[in-house]
Amino acid sequence: MSVTPQAARPATRPAPAFRGRIGRDARSGHYAVPGRYRLHLSTACPQGLAIAVTHSLLGIGDSCPVTFLPAVPDGPDGGHSALRPLYDASAHRHPGPALAPVLSDGWSGRIVSTHAPDITRDLDRHFGDGRPALYPCGTDAGPWTDVEAVERLCARGVEEAAQRAGRADGDPAERAGALDVLFRALDELEQRLRDHDHVAGPRLTAADVTLWVTLVQLDTVHRHHLDARAVHRVADHPGLWDHARRLTAHPAFGTHLDLAGTARRHHARCRGREAAGAAVPVLDWAAHADRARRAGRP
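All letters in the sequence shown, in the order written, are residues 22 to 319 by our numbering.
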């Protein structure tokens with residue numbers, strides 16, 4: 022007799038989504054007060070990694086401190102036990118796992134948001150301390166500063182397509198179609214870097230953060246489930262990987278790269294089979310991240 026593990030059973034009711042916004046509506050009470058909020062992140066998770074990089078680029082460690090969580094959640098339901106009190110305080114008898122990332126409110130002891138895109142935008146808008154915005158708007162916006170377009174391209178054209186292409190039980194035609202989507206997306210991103218130093222314009226924006234995290238996942242996670250020919254095609258985008266290399270050497274990026282934790286998280290969650298592409302990574306991430314750590318030391 023087979024028994025479905027408790028963590029795999031669907032919840033009896035959908036888990037509530039936490040989508041509070043800082044400073045969006047005065048009635049919400051979430052005013053942008055330095056020291057009031059705290060981030061809870063695992064940098065082995067792509068969403069947590071993106072928030073951690075954004076947080077470092079903004080230089081807001083004093084305004085909004087961070088609690089870093091283990092790469093692999095320790096709760097029996099796949100959540101983080103350290104976050105359970107926050108979830109229970111925010112939603113009575115919360116039915117789902119206590120997942121990261123979380124933006125919490127120290128005044129109320131409750132969760133403001135678990136939605137990573139909202140969290141990064143609110144940090145940029147309200148805690149940037151005069152630094153150039155990572156989400157340009159107004160007169161700075163244009164065809165090369167379309168951050169949301171790059172985010173969609175990375176999410177659908179790279180992340181989702183790579184997942185479909187690497188499924189061991191997928192139909193060969195479906196995998197081939199997913200690879201076509203992946204290669205077209207990488208081609209478009211490569212084109213964006215032909216005449217610019219950054220993927221959405223002349224300076225660094227949130228689009229570069231998204232792209233970097235996406236390439237990290239592509240090379241350290243999804244590559245393991247692609248064949249050697251597909252990995253060769255992925256690597257044949259020199260502008261993209263040069264950009265990833267430069268960003269990894271930046272202290273705000275490379276110091277947060279947890280390769281061992283990412284591998285543990287992948288093996289804990291993944292049930293697929295490794296393919297021939299697993300042998301050789303596109304980038305030596307550890308070497309470039311070590312440069313970032315040395316550069317970040319006082």
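For glycine and all other residues, C-beta sits at the position ideal for the given N, C-alpha and C.
- Listed in chain order, the non-local C-beta contacts of Leu78 below 8 Å within the same chain comprise Arg152, Leu155, Leu225, Val230 and Ala273, local neighbours out to five positions each way being set aside.
- With a contact defined as Cβ atoms closer than 8 Å, Gly191 and Ser134 miss out at about 34 Å.
- At a Cβ-Cβ threshold of 9 Å, Gly275 and His309 count as neighbours.
- Taken in chain order, the complete alpha helix (DSSP H) segments of 4 residues or longer contained in the stretch 204-291 are 227-241, 249-256, 259-269, 272-275 and 280-290.
- Inter-residue distance for His113 and Thr88 is about 23 Å (C-alpha atoms, whole angstroms).
- Pairing Val74 with Val242 gives a Cβ-Cβ distance that is not under 9 Å.
- Arg142: member of the alpha helix (DSSP H) spanning Ala137 to His147, first to last residue.
- Straight across, the Cα-Cα distance linking Asp248 with Gly187 is about 9 Å.
- Taking a cut-off of 8 Å for Cβ pairs, the stretch 136-145 and the stretch 191-206 do not touch, as fewer than three such pairs fall below it.
- When DSSP reads this structure, Asp126 sits in a beta bridge with Tyr58 and Arg131.
- Taken atom to atom, the span from the alpha-carbon of Ala256 to that of Glu211 is near 11 Å.
- For Thr64, there is no enclosing alpha helix (DSSP H), since its DSSP letter is neither H nor E.
- CA-CA distance, His147 to Leu70, rounds to 20 Å.
- The DSSP-derived three-state label of Val93 is coil.
- The DSSP-derived three-state label of Arg114 is coil.
- Taking 9 Å as the cut-off, the Cβ atoms of Ala65 and Arg285 count as close.
- In this structure Asp240 is in contact with Pro302, their Cβ atoms being roughly 5 Å apart against a cut-off of 8 Å.
- Its Cα nearest to that of Leu214, the residue Ala265 stands out among Ala265, Gly100, Ala176 and Trp128.
- The C-beta distance from Pro118 to Ile72 rounds to 19 Å, too long to fall under 8 Å, and the pair is not in contact.
- For Pro157 and Pro223, the gap between their C-alpha atoms comes out near 12 Å.
- Looking at Leu144, Gln184, Gly100 and Val168, the one whose alpha-carbon comes closest to that of Arg59 is Leu144.
- Leaving aside the five residues that flank His271 on each side, the residues in its chain whose CB is nearer than 7 Å to its CB run, in chain order, Ala313.
- Ser129 is classed as exposed because its beta carbon has fewer than 16 other beta carbons within 10 Å across all chains shown.
- Pro106 and Val179 have their C-alpha atoms spaced approximately 35 Å apart.
- Under the DSSP assignment, Asp311 falls in the alpha helix (DSSP H) whose first and last residues are Trp306 to Gly317.
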